[in-house]
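Participant: Dropping a structure here in structure tokens format, bear with me for questions.
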Amino acid sequence: MKISRVFKVFRRDTISLVRDFMIFVTAVLPIVLAMALNLFIPDVENASIRFVVNSSIDSEVMDEFGKYGVVELAGTREDLYERVEGSDEVAGIDYVDGEYVIVLQGNERTVSRNTAAMILDEYFNPGEILVDVKITDAGVKESPIRRLGTIFILLFSMVAPGLMVGINLVEEKESNTLSALNVTPLTRWELYSGKIAVGLALSMFHVFAVTFVMGYGDVNMFMLFAAFLSSAFIATVLGFLTGAVAENQVAAIALVKLSFTPVMLSFAGAIIVPERWQVFLYWSPFYWDFKVLDGILAKSIEWSQTLYFCGLILLTSAAFYLVFRRKIIKGLQG
1071 MKISRVFKVF
1081 RRDTISLVRD
1091 FMIFVTAVLP
1101 IVLAMALNLF
1111 IPDVENASIR
1121 FVVNSSIDSE
1131 VMDEFGKYGV
1141 VELAGTREDL
1151 YERVEGSDEV
1161 AGIDYVDGEY
1171 VIVLQGNERT
1181 VSRNTAAMIL
1191 DEYFNPGEIL
1201 VDVKITDAGV
1211 KESPIRRLGT
1221 IFILLFSMVA
1231 PGLMVGINLV
1241 EEKESNTLSA
1251 LNVTPLTRWE
1261 LYSGKIAVGL
1271 ALSMFHVFAV
1281 TFVMGYGDVN
1291 MFMLFAAFLS
1301 SAFIATVLGF
1311 LTGAVAENQV
1321 AAIALVKLSF
1331 TPVMLSFAGA
1341 IIVPERWQVF
1351 LYWSPFYWDF
1361 KVLDGILAKS
1371 IEWSQTLYFC
1381 GLILLTSAAF
1391 YLVFRRKIIK
1401 GLQG
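Position in the sequence shown (from 1) plus 1070 gives the number in the working numbering.
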């Protein structure tokens, strides 16, 4: 096997990415999904009651509001009004002619409108307790929807490029490129290696780009890379299986859709199924993918656990390969 010929295949397939519409869409879809999801997922802190107060207000009053929500300072009255009119929900507290004034946009929730009034009433007229707030820190520093959405896109990013390689192999079969290899210096496995390299490079780009876009740039990137490498095996196997079994593009697309079924089942099962019943998901490499990615993004996993999960991904992927080994080899050599 010559690296130079593998690189030529890699370069040719990379250029063809922008020519095939379906493959191009597959190539950019994870990034688009991440950007769209990032726009619609609220941060946990946005769910808190927020107040913006004029900087001229007494510091003790500011501290009182700080007991019940997040307090922001506005340098001027104009700044305060501009902040209240923003896209998020915030109640303004101003001091005008010796009186405290609550400034609202008009579309706030009842809790935001009433809480500001009750805090002022209790502060200046102590007596009956009108507001009783207990704050419990559950340790959640982010929206769980953000993490789960990121995991889903990462799973898609790890699998889709491999399946894209499978579709590309079917296209080569239809154009009789594989048959023509018999009269060229390029061997089948050099061709396959070049195509695999394209899929892995694209997948790796997706994984790290999605991670940064979704706001997880501070996670352990070495752990993430280890998870990517272990997941590359099952993605490659699925791609080869698609290329070996499908006789045309229509059949290849049908197999791609079918291949995403275990991904979806593993993702949904890891979230919905009770822990004691998740043993029925242990057969799936994508279940262990979910576990290791969840731990990495939540920063709740050590290297020993990461390597353990990566080992299980490789083990289940190897079992999957052994089941379809004959079919893959026969299909790719035929």
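From the three backbone atoms N, C-alpha and C, an ideal C-beta is built for every residue, glycine too.
These numbers were taken from a predicted model, which means no experiment stands behind them.
Identify which residue in E1244, M1293, G1232 has its Cα closest to the Cα of V1326.
Facilitator: Within the sequence shown, numbered from 1, the residue matching residue 1326 stands at position 256. Cα-wise, what sits closest to V1326 is G1232.
Participant: Quick check on V1255: buried or exposed, where buried means 16 or more other Cβ atoms within 10 Å of its Cβ?
Facilitator: Residue mapping note: residue 1255 aligns to position 185 of the sequence shown, counting from 1. For the record, residue 1255 in the displayed sequence is Pro; it is not Val. By the 10 Å Cβ count, P1255 comes out exposed.
Participant: Could you tell me the distance, in whole angstroms, from the CA atom of I1398 to the CA atom of A1340?
Facilitator: The sequence position of residue 1398 within the sequence shown is 328, counting from 1. The sequence position of residue 1340 within the sequence shown is 270, counting from 1. Approximately 29 Å between the Cα atoms of the pair.
Participant: Under the rule that 16 or more other beta-carbon atoms within 10 Å means buried, what is P1344, buried or exposed?
Facilitator: Taking the first residue of the sequence shown as position 1, residue 1344 is located at position 274. So P1344 counts as exposed.
Participant: Counting only runs of 3+ residues fully inside the region 1120-1180, write out the beta strand (DSSP E) ranges in chain order.
Facilitator: Correct list: 1120-1124, 1140-1144, 1161-1166, 1169-1173.
Participant: Please determine if the region 1215-1227 and the region 1167-1175 are in contact, where contact requires at least 3 C-beta pairs separated by less than 8 Å.
Facilitator: No, the region 1215-1227 is not in contact with the region 1167-1175.
Participant: Could you tell me which uninterrupted alpha helix (DSSP H) segments, each at least 4 residues in length, are contained entirely in the region 1257-1285, listed from first to last along the chain?
Facilitator: 1258-1283, all fully within the region 1257-1285.
Participant: Let me confirm a value: P1214 is counted as buried when at least 16 other C-beta atoms fall within 10 Å, else exposed. Which label applies?
Facilitator: Numbered from its first residue, the sequence shown carries residue 1214 at position 144. Answer is exposed; the Cβ neighbour count stays below 16.
Participant: Is it true that the CB of D1164 sits closer than 8 Å to the CB of L1150?
Facilitator: Position 80 of the sequence shown, counting from 1, holds the residue named residue 1150. Position 94 of the sequence shown, counting from 1, holds the residue named residue 1164. Contact flag set, yes.
Participant: Tell me which same chain residues have a C-beta within less than 6 Å of the C-beta of L1382, skipping the five on either side of it?
Facilitator: Start at 1 with the first residue of the sequence shown, and residue 1382 comes out as number 312. Closer than 6 Å at Cβ, skipping near neighbours: W1358.
Participant: Could you work out which residue in K1243, D1128, I1073 is closest to S1315 when comparing CA atoms only?
Facilitator: For this step, residue 1315 is matched to residue 245 along the sequence shown. It is worth fixing the name first, because residue 1315 is Val in this sequence and not Ser. For V1315, the nearest C-alpha among the options comes from K1243.
Participant: Less than 8 Å between the C-beta atoms of L1107 and I1221, yes or no?
Facilitator: The residue you call residue 1107 lines up with position 37 of the sequence shown. The residue you call residue 1221 lines up with position 151 of the sequence shown. No.
Participant: Measure how close the beta-carbons of A1322 and G1269 come, nearest whole angstrom, since I'm counting them as under 8 Å.
Facilitator: Reading the sequence shown from its first residue, position 252 is the one you call residue 1322. Reading the sequence shown from its first residue, position 199 is the one you call residue 1269. 14 Å between Cβ atoms; not a contact.
Participant: Alpha carbon to alpha carbon, how far is K1078 from V1349?
Facilitator: Position 8 of the sequence shown holds residue 1078. Position 279 of the sequence shown holds residue 1349. Their backbone Cα atoms lie some 45 Å apart in a straight line.
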